[in-house]
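Participant: Numbering-wise, UniProt numbering puts 115 at position 115 of the sequence shown, and it's gapless, one number per residue.
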Amino acid sequence: MGSYVPPPIPVNRPPLNDTDQERRYPADQYDNPYYLHSADHAGLVLVSDRLSNSFDFPSWRRSVWMALNVRNKLGFINGVIVKPPIDHRDYRAWSRCNDIVSTWLINSVDKKIGQSLLFIPTAEGIWNNLLTRFKQDDAPRIFDIEQKLSKIEQGAMDVSTYYTALLTLWEEHKNYVELPVCTCGHCECDAAMKWERMQQKSRVTKFLMGLNESYDQTRRHILMLKPIPTIEEAFNIVTQDERQKNVKPPTRVDNVAFQSTNPMMNDAEGAYIAAYNTVRPSQKPVCSHCGKVGHTVQKCFKILGYPPGYKAGAIGYTYRGNTPLQPRMQMMQVQPRMMPQSQMQMMPYANSMQKANAVAHVYTENGSYPSDGYLQMPMP
């Protein structure tokens, strides 16, 4: 057996100084604005959508600003990093980075626009030229955004597309109309927070107003909540309602529809029902001349005369032979066609009922109906 090794005793070490932290966590190389990564080449395109007109300039400017910020190159367009003297040790590094940023800006605009920027020596000059050329006055742009916000509705869009269009207009409007912030440093009324909550409530109301009428019940539910949910929460509630509307209930198979689409079952049942209903008299005819039951006045023997061989006490004709029944029996014959086994087993029973009911429909040999006047159904 091996010897027991006690666990190590923790040692209270002093905190790491700046030198130890630099060894353990290397400094970000982009802290130096003159640093260029291997991916920061001259052919890099900062944004996917190149600038072509003044309508796209607000979004284009925001995209380029973020792309330069992640590379710590904003100082080359906003004037923070000034051009050093030629004999300064950082001049070559500045010149190299300035040309790189200038190339990025030219690659991010339309080819015709880029040709007019090619001979501007600094990246700051290129940026200011674009601002002067394409930046619109805030008032017309704010008017255009607010007009779109007042008219936008869901219409044929789904909820996600409608919400995205609203959010894009709101964020662009916020870029032009900044939230007032107290600068005195002594304000304790939280006016900025109250203003922000009012803006959020206004956004929820606008979002609900533009929804289609099919979401009326969901709209009322959200407006009754206290406090009013945020725009994100309202969007989630409406999206869940949209998913539930898209769920289709399972299709029900109606028994009547199933029977109407099954010709084999209809043939067998139709023959059975026709034989039963045809031979069953709903009511015995009564002669209005003699008052006897079993014939009508048009066939009354007291008016027409008695035929030869007539027996006294008879009510109707005497049946001789079964020739008149042949067409009826032939019409009632059902030719089975690819029937299930359960229906094939019922066919002999249906045929026997047809023959029995057809014979029962005719007068008996003594010219009388059965005693009750209704068909007696034979049992199998």
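Where is the CB? At the ideal position from N, CA and C, for every residue including glycine.
When you compare only the Cα positions, how much space is there between K245 and K151?
Facilitator: By 1-based counting over the sequence shown, the position of residue 245 is 245. By 1-based counting over the sequence shown, the position of residue 151 is 151. Approximately 26 Å, taken between the alpha carbons.
Participant: How far does the alpha helix (DSSP H) with E196 in it reach, from first residue to last?
Facilitator: The residue given as residue 196 occupies position 196 in the sequence shown. It spans A191 to M209 - the alpha helix (DSSP H) in which E196 sits, taken as one unbroken run.
Participant: What is the DSSP secondary structure of M177, counted as helix, strand or coil?
Facilitator: Translated into the one-based positions of the sequence shown, residue 177 becomes position 177. Before going on, a small fix: residue 177 reads as Val here, not Met. Coil, per DSSP.
Participant: Please classify N78 as buried or exposed, where buried requires at least 16 other C-beta atoms within 10 Å of its C-beta.
Facilitator: Residue numbering aside, residue 78 sits at position 78 when the sequence shown is read from its first letter. N78 comes out exposed.
Participant: Quick one: Cα of I142 to Cα of W60, how far?
Facilitator: Counting from 1 along the sequence shown, the entry for residue 142 is found at position 142. Counting from 1 along the sequence shown, the entry for residue 60 is found at position 60. If you take the alpha carbons of I142 and W60, they lie about 17 Å apart.
Participant: Cβ of D49 within 9 Å of Cβ of I100?
Facilitator: Taking the sequence shown and counting its residues from 1, one reaches residue 49 at position 49. Taking the sequence shown and counting its residues from 1, one reaches residue 100 at position 100. In this structure, I100 does not lie closer than 9 Å to D49 by Cβ.
Participant: Just to confirm before moving on: does the CB-CB distance between K135 and S54 stay below 9 Å?
Facilitator: What you label residue 135 is simply residue 135 of the sequence shown in a count that begins at 1. What you label residue 54 is simply residue 54 of the sequence shown in a count that begins at 1. Against a cut-off of 9 Å, the Cβ pair of S54 and K135 comes out as a contact.
Participant: Taking C-alpha atoms, which residue in N175, L304, Y162 and A42 lies nearest to E242?
Facilitator: The sequence position of residue 242 within the sequence shown is 242, counting from 1. Of N175, L304, Y162 and A42, the residue nearest in Cα terms is Y162.
Participant: With a cut-off of 8 Å on the beta carbons, I'd call S108 and V45 a contact; round off their distance for me.
Facilitator: As a working note, residue 108 is residue 108 in the sequence shown. As a working note, residue 45 is residue 45 in the sequence shown. With 8 Å as the limit, S108 and V45 qualify as a contact, their Cβ atoms being about 6 Å apart.
Participant: Look at the alpha carbon of P140 and the alpha carbon of L149, and state the distance between them as a whole number of angstroms.
Facilitator: The residue labelled residue 140 in the question sits at position 140 within the sequence shown. The residue labelled residue 149 in the question sits at position 149 within the sequence shown. Spanning the two alpha carbons is a distance of roughly 14 Å.
Participant: Name the residue from N175, W195 and M209 whose alpha carbon lies nearest to the alpha carbon of L223.
Facilitator: Walking along the sequence shown from the start, residue 223 turns up at place 223. The shortest Cα separation from L223 among N175, W195 and M209 belongs to M209.
Participant: Could you tell me the boundaries of the alpha helix (DSSP H) in which P140 lies?
Facilitator: Reading the sequence shown from its first residue, position 140 is the one you call residue 140. Element bounds for P140: D138 to K151.
Participant: Quick one: residues in its chain with C-beta nearer than 7 Å to the C-beta of Y91, no 5 flanking neighbours on either side, listed in chain order?
Facilitator: Here the question's residue 91 lines up with position 91 in the sequence shown. Answer for Y91: P84 and P85, listed in chain order.
Participant: Residues in the same chain with beta-carbon distance under 7 Å from I231, minus the five sequence neighbours each way, listed in chain order, please.
Facilitator: Position 231 of the sequence shown, counted from the start, is the residue given in the question as residue 231. Excluding sequence neighbours, I231 sits near Q200, R203, V204 and F207.
Participant: Considering only C-alpha positions, which residue in the set W127, I237, G309 and P227 is nearest to F57?
Facilitator: Walking along the sequence shown from the start, residue 57 turns up at place 57. Ranked by how close their Cα comes to the Cα of F57, the residues W127, I237, G309 and P227 have W127 in first place.
Participant: Rounded to a whole number of angstroms, what is the C-alpha to C-alpha distance between R197 and S38?
Facilitator: The sequence position of residue 197 within the sequence shown is 197, counting from 1. The sequence position of residue 38 within the sequence shown is 38, counting from 1. Each residue's alpha carbon lies about 46 Å from the other.
Participant: In angstroms with no decimal places, state the Cα-to-Cα distance between H173 and D87.
Facilitator: Position 173 of the sequence shown holds residue 173. Position 87 of the sequence shown holds residue 87. Rounded to whole angstroms, H173 to D87 spans 47 Å at the Cα level.
Participant: Using beta-carbon positions only, say whether L117 and L130 come within less than 9 Å of one another.
Facilitator: Your numbering for residue 117 matches position 117 in the sequence shown. Your numbering for residue 130 matches position 130 in the sequence shown. Closer than 9 Å, so yes.
Participant: Mind pulling the beta strand (DSSP E) runs of 3 or more residues that sit fully within the UniProt domain "Retrotransposon Copia-like N-terminal" (37-85)?
Facilitator: none
Participant: Which value, in whole angstroms, describes the spacing of the CA atoms of T132 and V177?
Facilitator: The count along the sequence shown starts at 1 and reaches residue 132 at position 132. The count along the sequence shown starts at 1 and reaches residue 177 at position 177. Approximately 20 Å between the Cα atoms of the pair.
Participant: If contacts are defined as beta-carbon pairs under 8 Å, then T296 and P308 qualify, I think. What distance do you get, rounded to the angstrom?
Facilitator: As a working mapping, residue 296 is identified with position 296 in the sequence shown. As a working mapping, residue 308 is identified with position 308 in the sequence shown. Going by Cβ atoms, the distance from T296 to P308 rounds to 22 Å, so no, they are not a contact pair.
Participant: By the 10 Å Cβ neighbour count, where 16 or more other Cβ atoms means buried, how is T164 classified, buried or exposed?
Facilitator: Numbered from its first residue, the sequence shown carries residue 164 at position 164. With fewer than 16 Cβ atoms within 10 Å of its Cβ, T164 is classed as exposed.
Participant: Exposed or buried, what is Q154 when buried is set at 16 or more other beta-carbons lying within 10 Å of its beta-carbon?
Facilitator: Reading the sequence shown from its first residue, position 154 is the one you call residue 154. Q154 is buried by the Cβ-count criterion.
Participant: Any idea if residue 383 is buried or exposed, counting beta-carbon neighbours within 10 angstroms, 16 or more meaning buried?
Facilitator: Lying outside 1 to 380, the shown extent of the chain, residue 383 is not represented and no answer is given.
Participant: Let me know if I145 comes out buried or exposed under the rule of 16 or more other beta-carbons within 10 Å of its beta-carbon.
Facilitator: Along the sequence shown, read from residue 1 onward, the residue named residue 145 stands at position 145. Buried is the call here.
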